[in-house]
Each structure stands twice: as structure tokens, then as C-alpha cells.
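Worksheet for the structure shown next.
Number of protein chains: 2
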Amino acid sequence: MTDALRDRGEDALLDEIRRLVPPGRGVLVGPGDDTAVLAPARVPLLLTTDALVEGVHFRRGWLTPRALGRRAFAVNASDIAAMGGRPRAALLAIAAPPALPVADLRGMVRGVRAAADAVGAALVGGNLAAARELSLTVALLGDAPVPPVGRGGGRAGDQLFVTGDLGGAALGLRLLARPRSMRGARGAVRRWQQPTARLCAGQELARRRIAAAMIDLSDGLLIDASRLCRASGVGAVLRADRLPLAPALRALAPRAARALALAGGEDYELLFAVRPAHLGALERARAALGCRITHVGALVARRGVRVVDRSGRAVVLPHHLGHQHFAALR
Amino acid sequence: MTDALRDRGEDALLDEIRRLVPPGRGVLVGPGDDTAVLAPARVPLLLTTDALVEGVHFRRGWLTPRALGRRAFAVNASDIAAMGGRPRAALLAIAAPPALPVADLRGMVRGVRAAADAVGAALVGGNLAAARELSLTVALLGDAPVPPVGRGGGRAGDQLFVTGDLGGAALGLRLLARPRSMRGARGAVRRWQQPTARLCAGQELARRRIAAAMIDLSDGLLIDASRLCRASGVGAVLRADRLPLAPALRALAPRAARALALAGGEDYELLFAVRPAHLGALERARAALGCRITHVGALVARRGVRVVDRSGRAVVLPHHLGHQHFAALR
Numbered sequence: 010m011t012d013a014l015r016d017r018g019e020d021a022l023l024d025e026i027r028r029l030v031p032p033g034r035g036v037l038v039g040p041g042d043d044t045a046v047l048a049p050a051r052v053p054l055l056l057t058t059d060a061l062v063e064g065v066h067f068r069r070g071w072l073t074p075r076a077l078g079r080r081a082f083a084v085n086a087s088d089i090a091a092m093g094g095r096p097r098a099a100l101l102a103i104a105a106p107p108a109l110p111v112a113d114l115r116g117m118v119r120g121v122r123a124a125a126d127a128v129g130a131a132l133v134g135g136n137l138a139a140a141r142e143l144s145l146t147v148a149l150l151g152d153a154p155v156p157p158v159g160r161g162g163g164r165a166g167d168q169l170f171v172t173g174d175l176g177g178a179a180l181g182l183r184l185l186a187r188p189r190s191m192r193g194a195r196g197a198v199r200r201w202q203q204p205t206a207r208l209c210a211g212q213e214l215a216r217r218r219i220a221a222a223m224i225d226l227s228d229g230l231l232i233d234a235s236r237l238c239r240a241s242g243v244g245a246v247l248r249a250d251r252l253p254l255a256p257a258l259r260a261l262a263p264r265a266a267r268a269l270a271l272a273g274g275e276d277y278e279l280l281f282a283v284r285p286a287h288l289g290a291l292e293r294a295r296a297a298l299g300c301r302i303t304h305v306g307a308l309v310a311r312r313g314v315r316v317v318d319r320s321g322r323a324v325v326l327p328h329h330l331g332h333q334h335f336a337a338l339r
Numbered sequence: 010m011t012d013a014l015r016d017r018g019e020d021a022l023l024d025e026i027r028r029l030v031p032p033g034r035g036v037l038v039g040p041g042d043d044t045a046v047l048a049p050a051r052v053p054l055l056l057t058t059d060a061l062v063e064g065v066h067f068r069r070g071w072l073t074p075r076a077l078g079r080r081a082f083a084v085n086a087s088d089i090a091a092m093g094g095r096p097r098a099a100l101l102a103i104a105a106p107p108a109l110p111v112a113d114l115r116g117m118v119r120g121v122r123a124a125a126d127a128v129g130a131a132l133v134g135g136n137l138a139a140a141r142e143l144s145l146t147v148a149l150l151g152d153a154p155v156p157p158v159g160r161g162g163g164r165a166g167d168q169l170f171v172t173g174d175l176g177g178a179a180l181g182l183r184l185l186a187r188p189r190s191m192r193g194a195r196g197a198v199r200r201w202q203q204p205t206a207r208l209c210a211g212q213e214l215a216r217r218r219i220a221a222a223m224i225d226l227s228d229g230l231l232i233d234a235s236r237l238c239r240a241s242g243v244g245a246v247l248r249a250d251r252l253p254l255a256p257a258l259r260a261l262a263p264r265a266a267r268a269l270a271l272a273g274g275e276d277y278e279l280l281f282a283v284r285p286a287h288l289g290a291l292e293r294a295r296a297a298l299g300c301r302i303t304h305v306g307a308l309v310a311r312r313g314v315r316v317v318d319r320s321g322r323a324v325v326l327p328h329h330l331g332h333q334h335f336a337a338l339r
């Protein structure tokens with residue numbers, strides 16, 4: 010029989026978890042006491058939380074427990090990246106069905122820990138609760154650059170750029186939901202399973218004061234661009250022909266590829282606005298960003314986000330685009 | 010028809026929540042950006058997380074959404090109290106069924122905010138996800154005293170004290186689960202619904218260096234005492250006749266009252282160890298602690314936690330005591 014959570018006492022499980030988590034740098038007290046204790050911070054702090062819920066954000070067959078743990082960290086690290094910050098300390102709250110194998114719990118903790126380690130952060134504590142559905146809620150504390158880069162610093166005339174490429178994760182997610190169509194689509198599936206927070210790019214863009222406004226792309230370029238616009242009190246024009254399509258999208262019809270790149274979500278790339286005067290600095294920084302960047306449009310005074318083709322004509326988009334979790338579960 | 014989460018777009022819900030959360034002291038950027046930004050900290054930081062899951066920690070009929078929000082904050086603040094710290098910034102991650110009334114969501118956010126306000130902390134951000142069952146996961150950042158008070162500082166010969174009284178919350182929880190027996194039990198029910206983190210007591214005991222080791226009582230005196238003992242490498246003797254029974258327990262048989270006080274859990278009082286040389290300082294501090302404290306036993310070299318009567322004879326306890334969530338859901 011599988012060794013499941015319900016076969017262990019709570020303290021035995023917590024002990025098991027603690028053994029997986031060595032103390033990190035700047036951690037005065039790690040997991041095992043009432044709270045973690047961290048060394049004082051000399052810079053402003055960033056604090057964020059994001060959750061992955063089974064049946065909403067993932068299904069258990071779609072990725073290994075370890076990849077699920079890495080993903081739970083990455084979606085939070087992406088928010089830190091969007092402020093130009095550095096992840097420092099993570100908490101992991103797991104709610105899990107009693108039948109969950111202990112090996113899966115270990116895998117998730119190891120995944121979070123490995124993802125934290127990889128960027129110089131530490132997993133410092135957490136919580137384990139029984140629940141009917143599995144969920145991982147990470148809270149992440151980070152060091153902010155001075156000044157931090159928010160969503161609200163954009164102005165009409167700023168040029169818009171995105172890191173990496175778009176739409177691959179959304180394609181991977183769709184392929185996972187229909188496994189028969191997955192042949193040859195490993196790249197897209199992996200793109201969904203293993204998002205990479207653009208920490209290096211975010212930090213460089215903040216440190217060199219290149220990004221006037223920035224946001225991470227979790228719900229799709231259209232939705233996230235409109236959030237940046239709303240916070241900045243401007244609108245945006247996006248060029249459909251300039252979208253950096255993920256390689257896996259090339260097998261799709263052009264309209265379908267564009268729809269996924271604009272609205273598929275789960276890319277965890279960065280969208281940022283650059284003042285015209287700073288475009289030269291951006292060119293000089295390119296090599297230091299650690300990833301490709303692409304000029305996809307501009308901020309404009311007229312509110313709303315419009316997608317246009319090369320000649321400036323509006324591109325007609327499918328009606329329901331982007332993530333709306335509550336509507337989706339209706 | 011009730012206005013439910015599924016009837017709103019995600020951004021409309023987030024806007025609604027943001028309007029409920031004004032910026033707090035030391036908060037440079039509050040809810041609404043990718044992450045919150047907090048002023049630098051000059052002291053070590055405490056970081057903790059705890060979750061309330063529907064069907065495991067509460068049922069929706071048992072307390073108002075607002076009380077649920079307050080409770081979600083309080084169980085985290087209690088961990089900060091056990092280190093002698095001050096809550097500073099809270100994150101609230103809600104996972105909620107799409108049919109949840111928006112008014113309930115508002116109530117929960119208001120509850121967390123009110124509880125944070127009341128102790129000088131701020132609600133700075135959070136997350137909202139769809140899920141089949143309702144859960145509230147709070148992460149709490151706090152300022153630590155120097156040195157923070159952990160679980161591991163106890164020595165044989167230290168005397169053990171608890172704040173407040175014990176067993177009332179556990180009685181209230183049992184009464185809520187069997188509503189017909191609730192007449193006249195409002196006090197106990199309220200004791201469960203509205204736990205109070207012993208922040209003032211925790212801070213004073215740390216500041217005056219009275220507590221050598223401390224833990225909050227979430228799972229019952231027996232289990233939490235054994236955790237403190239394990240961390241300190243000692244055992245404990247608890248005096249059954251000295252337990253500060255909650256007034257509502259007086260209507261029960263003495264054995265039942267004692268079992269709830271020892272093992273009912275959810276008290277969110279503090280258990281702390283005091284060196285014999287510091288007992289005088291504890292007496293002088295009593296008035297500043299903001300609550301009753303009771304001498305309930307001592308740490309001893311022999312491992313394990315034993316409960317004895319006035320004459321030192323072992324008290325026989327019911328077999329299955331204390332919270333073991335995963336076993337309970339089997």
C-alpha cells in the first residue's frame with residue numbers, strides 16, 4: 010500500500026518536511042518553530058502570494074509533484090520579477106487530501122526548495138492542512154530595488170516590450186487537457202509545466218531604470234496590458250505582427266497562434282514600458298537581460314488596448330479571451 | 010438572485026477588494042500592483058502562514074464571513090505572539106467556490122483588515138482563486154524582538170505557565186457541531202469564533218526576557234507542550250488540578266472539562282517556560298501582560314509530557330487526544 014498522509018501523525022509529517030529544508034542565507038530560524046526569523050532588511054521589502062488549486066490551475070497527471078512545487082514558486086517569483094526585485098524567503102501552505110502519497114508531498118516541498126535555491130531564496134516555513142482538493146499557496150518575501158517598478162508608471166508615448174515568447178504555455182495546457190493530440194508537442198507542454206520567472210531581466214530593467222512600468226504576463230498579454238494601462242491611466246496599441254510567437258505555435262493556423270499569444274495566459278514573461286529617451290539604454294542592456302525582448306507596441310493617450318496589423322488596421326479577435334477563473338468554473 | 014463571485018470578472022472582484030483596503034503605515038505600495046512594497050525593517054523579521062479550510066477547520070454556518078476573516082488573521086498573529094513579535098503586514102489568499110456571495114468575500118476581507126488594524130498591522134495584498142471548497146490562507150510578516158523567543162530555549166527546572174484559560178474554544182466547537190445542545194453556551198461558542206492572539210503578553214514576555222521558551226496553543230496543551238519539550242530536549246510535568254479551565258467548562262463533568270483543557274485545541278493561548286531566577290520578574294510583569302497567567306507545571310529532564318494530580322500521581326487520560334487533521338478526515 011502507498012504511504013499516504015492519513016497514515017502519519019501531523020508532527021511526523023512536519024518533521025519529514027523539515028528534514029528536506031536546510032536553513033538558508035539570512036535565515037536566523039527556519040522551519041520548525043512558531044514562525045521563521047529572518048535577518049533585518051536594509052532595503053524595502055516585496056510581499057506577494059499566489060495559489061495553485063487542483064482542478065482550476067492544474068490536474069495531478071499534468072506534472073510531477075516536484076514540477077508542481079517549482080511552478081508554485083515560479084508564479085510568485087514572477088510577481089517579484091515584475092517589480093524588479095529579488096526573492097528572499099518563501100512560505101509554502103499545502104492543503105492536501107489525506108489519501109495523498111507522502112512521496113508526493115516530499116516532491117512538492119523539494120520542488121519549491123529547488124526553485125528557491127536556484128535564485129538564492131530560502132524556503133523558511135509553511136503549513137499543512139487537510140482538504141478535499143490539493144492546493145499549494147506560496148507567499149514570497151523579496152528585496153525591492155529603489156525605486157520599485159510598479160504598473161502605474163507608464164505614459165503615452167512609452168514603447169512596450171515583452172521578454173521571451175508568448176503562447177507556448179497556453180498551447181501546452183491545451184495539449185495536456187487533450188492528451189491524444191500531444192505527439193510532438195513536448196516543447197509546448199514543458200513550457201507550461203516549467204515557467205521561468207524573468208528575475209534577471211526584471212532586476213536589470215529596474216536597476217538601470219529602463220522600465221517605467223512593468224507587469225508579469227500571467228493571464229495573457231491583452232488582460233495584463235490592460236491592467237498596466239489602467240494603473241497608468243493610458244491605453245495601448247499592440248502590433249499583432251510583432252508578437253514573439255513561441256516556436257510550438259508555428260504548426261497552428263496564424264489566427265489561432267495569435268489568439269494564444271495574446272490571450273492564452275500562463276506565459277510568466279514580463280511586459281514593460283520604456284520612455285523614448287531610454288530606448289538607447291535598453292539596447293545597451295539587451296545582453297544583460299538573459300532573454301530575448303521584443304518591441305510589441307506603445308502606450309497611447311486613448312484608453313483601452315487595441316490590437317492592429319502592420320498597416321494600423323484593427324485586428325478582429327475571438328470574443329472570449331483571457332483567464333476569468335470564476336466564470337470558467339460556472 | 011445573490012450576487013456571486015461567478016457573476017463578476019476577476020478584475021472587478023479585485024477592484025472591489027482593493028477599495029476595502031486602505032494603505033497602512035510602512036506600506037509603500039499596497040494591494041493592486043504585482044506585489045506589495047514595505048518600508049525596510051531595522052529588526053529581524055518573522056514570517057508565518059496558516060490556513061483555514063472549510064469542512065476541516067470551520068463550517069460556513071459556524072461564524073460570519075467577517076469573524077472568519079478575523080479568525081484567519083488571529084491564528085497567524087498567535088504564532089507571531091509566540092515569538093514575542095509584532096504583526097506588520099498580512100497577505101490573504103482566498104480560494105472560493107464561484108457560487109460564494111460577493112458579500113461574503115467582502116466580509117472576509119473586512120474581517121482580516123479589522124483584525125490587522127486592531128494590532129497596528131496592514132493587509133497589503135493577496136490572491137483570489139476559484140476552488141471547490143472555501144479556504145483562507147494568511148501569511149503574516151512581523152517584527153521580531155531581539156532575541157526572538159523560540160520553542161527550544163527550555164531547560165529542566167523551568168516553570169510552565171499559560172495565558173488566559175483553556176478548553177472553552179474546544180467546547181464551543183463541539184457545541185457548534187451539535188446545535189441543539191447550544192442553549193446557554195454563547196460564551197464558549199464565542200470563545201471558538203473569536204480567538205485572541207496574546208500579542209501583548211508575548212511581547213512583554215520577550216522584551217523583559219522572562220520567557221525562555223514559548224509556543225502558542227493551537228492543537229491543545231498536551232500536544233503543544235510536547236512540541237516545546239521536544240524542541241528543548243526535555244520533558245514536562247503538568248498539574249491537572251491547576252489547569253485554568255474556561256468558565257463554560259464548569260457545567261461539564263470534571264474529567265470531560267480536563268480533557269478539553271488538555272487536548273481540545275484552538276485556545277490560541279501561550280505556553281511559556283520561565284527559569285526559576287526569573288519568576289520574580291514574571292510576578293512584576295503580571296499587570297503588563299493584559300491577561301491572566303497560570304502556573305501549570307514544570308520542565309523536567311525525563312522526556313515525555315506527564316499529567317499528574319496534586320499528590321503527584323499520574324492522571325489517566327482518554328486515549329485519543331488532540332488534533333490530527335489527516336487522521337480525522339480518514
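Top to bottom, those sequences are chains X and V. Per my numbering, residue 10 is the first one in the first sequence, and the count goes up by one each step. Per my numbering, residue 10 is the first one in the second sequence, and the count goes up by one each step. By construction, the Cβ of each residue, glycine as well, lies at the ideal position given by its N, Cα and C atoms. Model, not experiment: these values are computed from the prediction.
Within chain X, partners of residue i - CB distance below 9 Å
i: residue 160 of chain V; result: 41, 42, 43
i: residue 98 of chain V; result: 54, 56
Reduced DSSP secondary structure (H/G/I, E/B, other) of residue i
i: residue 13 of chain X; result: strand
i: residue 89 of chain V; result: helix
i: residue 158 of chain X; result: coil
i: residue 140 of chain X; result: coil
i: residue 252 of chain V; result: coil
i: residue 334 of chain V; result: For residue 334 of chain V, the predicted model reports a pLDDT of 48, less than 50, meaning its position is unreliable and no value from the coordinates is stated.
i: residue 53 of chain X; result: coil
i: residue 43 of chain V; result: coil
i: residue 219 of chain X; result: coil
i: residue 22 of chain V; result: helix
i: residue 110 of chain X; result: strand
i: residue 228 of chain X; result: coil
i: residue 326 of chain X; result: coil
i: residue 237 of chain V; result: helix
Cβ of residue i within 9 Å of any chain V Cβ
i: residue 339 of chain X; result: Note that residue 339 of chain X has pLDDT 29, beneath the 50 cutoff, so the model's placement of it is unreliable and the number below is only indicative. Closer than 9 Å to some Cβ of chain V, the Cβ of residue 339 of chain X qualifies, so yes.
i: residue 391 of chain X; result: With chain X represented from 10 up to 339, any question about residue 391 of chain X goes unanswered, as that position is not in the structure.
i: residue 19 of chain X; result: yes
i: residue 236 of chain X; result: yes
Residue i: contacting residues in chain V (beta-carbon distance under 8 Å)
i: residue 150 of chain X; result: 54, 56, 150
i: residue 38 of chain X; result: 157, 159
i: residue 225 of chain X; result: 43
i: residue 186 of chain X; result: None at all; the shortest Cβ gap to chain V is about 16 Å.
Neighbour flag for residue i against chain X, beta carbons, 9 Å
i: residue 28 of chain V; result: no
i: residue 231 of chain V; result: no
i: residue 276 of chain V; result: no
i: residue 263 of chain V; result: no
i: residue 92 of chain V; result: yes
i: residue 214 of chain V; result: no
i: residue 126 of chain V; result: no
i: residue 12 of chain V; result: no
i: residue 240 of chain V; result: yes
i: residue 113 of chain V; result: no
i: residue 207 of chain V; result: no
Proximal residues of chain X, C-beta to C-beta of residue i below 8 Å
i: residue 219 of chain V; result: None at all; the shortest Cβ gap to chain X is about 17 Å.
Under 7 Å from the C-beta of residue i: neighbouring residues of chain X
i: residue 88 of chain V; result: 43, 44
Beta carbon proximity, residue i to chain C, threshold 9 Å
i: residue 167 of chain V; result: You won't find chain C in this structure, because its protein chains are X and V.
Interface partners of residue i on chain V, CB under 7 Å
i: residue 102 of chain X; result: 58, 60, 146
i: residue 153 of chain X; result: 46
Heavy atom of the ligand SAH within 8 Å of residue i beta-carbon
i: residue 94 of chain V; result: As for the ligand SAH, it is missing from this structure, which has no ligand bound.
Quiz item: Looking at chain X, which residues of the stretch 44-73 of chain V have a Cβ within less than 9 Å of any of its Cβ atoms?
Solution: 44, 45, 46, 47, 48, 49, 50, 51, 52, 53, 54, 55, 56, 57, 58, 59, 60, 61, 62, 63, 64, 65, 66
Self-check item: Sequence ranges, beta strand (DSSP E) only - wholly within the stretch 164-207 of chain V, length at least 3
Solution: 168-172
Exercise. Please specify which runs of the alpha helix (DSSP H), each continuous and at least 4 residues long, are wholly inside the stretch 262-304 of chain X, giving them in chain order.
Key: 263-272, 288-294
Quiz item: In the stretch 293-308 of chain X, which residues sit with their C-beta less than 7 Å from some C-beta in chain V, listed in chain order?
Solution: none
Self-check item: Selection of the stretch 132-149 of chain V by Cβ proximity to chain X, strictly under 7 Å
Solution: 133, 134, 135, 136, 138, 139, 140, 141, 142, 144, 146, 148
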